[in-house]
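Numbering (this note's numbering), first residue to last: 553 to 646.
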């Protein structure tokens with residue numbers, strides 16, 4: 553199986569979210585997130601992003617995440633119900 557991957561935006565959101573956690577939990581969280589590779593953006597990502605931005609009124613960060621998942625034919629696993637609006641996205645909402 554392929555190594556799990558995340559977008560740069562997801563990586564940033566994770567790090568930002570744990571910044572005030574106690575040091576022990578923070579170290580565990582960072583150790584966990586480091587197992588993921590980071591998906592790079594491309595010109596194709598930008599094209600998909602433009603297309604999604606025209607169709608959906610969602611935050612740019614969410615649309616960028618969706619663009620990268622669509623480009624890489626990946627399944628997006630998320631707790632954010634906003635992604636359910638993007639019909640073209642292969643997703644699992646938990």
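Cβ atoms here follow ideal geometry from the backbone N, Cα and C, with glycine treated the same way.
Problem set entry | Whole-angstrom distance between residue 591 and residue 601, CA atom to CA atom | Counted from its first residue, the chain shown places residue 601 at position 49. Counted from its first residue, the chain shown places residue 591 at position 39. Rounded to whole angstroms, the separation of the alpha carbons of residue 591 and residue 601 is 15 Å.
Problem set entry | Which listed residue (611, 638, 645, 642) has its alpha carbon closest to that of residue 561 | For the purposes of this step, residue 561 is taken as residue 9 along the chain shown, with counting starting at 1. Looking at the Cα atoms, 611 is the closest of the given residues.
Exercise. Within this structure, are the beta carbons of residue 559 and residue 625 separated by less than 8 Å?
Worked result: Locating residue 559 in the chain shown gives position 7, where the first residue counts as 1. Locating residue 625 in the chain shown gives position 73, where the first residue counts as 1. Against a cut-off of 8 Å, the Cβ pair of residue 625 and residue 559 comes out as no contact.
For this session: Would you kindly work out how many angstroms separate the C-alpha atoms of residue 569 and residue 579, rounded to a whole number?
Result: Numbered from its first residue, the chain shown carries residue 569 at position 17. Numbered from its first residue, the chain shown carries residue 579 at position 27. About 13 Å.
Problem set entry | CA-to-CA distance, residue 639 to residue 615, given in whole angstroms | Along the chain shown, one-based indexing puts residue 615 at 63. Along the chain shown, one-based indexing puts residue 639 at 87. Approximately 12 Å between the Cα atoms of the pair.
Exercise. Apart from the five residues on each side of it in sequence, which residues of its chain come closer than 7 Å, Cβ to Cβ, to residue 593?
Worked result: Walking along the chain shown from the start, residue 593 turns up at place 41. Taken in chain order, the residues that qualify are 620.
For this session: Less than 8 Å between the CB atoms is what I'm expecting for residue 641 and residue 622, so what's the real figure, rounded?
Result: Position 89 of the chain shown, counted from the start, is the residue given in the question as residue 641. Position 70 of the chain shown, counted from the start, is the residue given in the question as residue 622. At roughly 6 Å, the Cβ-Cβ gap stays under 8 Å, so residue 641 and residue 622 are in contact.
Problem set entry | Continuous alpha helix (DSSP H) assignments of at least 4 residues falling wholly in the segment 561-590 | Fully enclosed alpha helix (DSSP H) runs of 4 or longer: 575-585.
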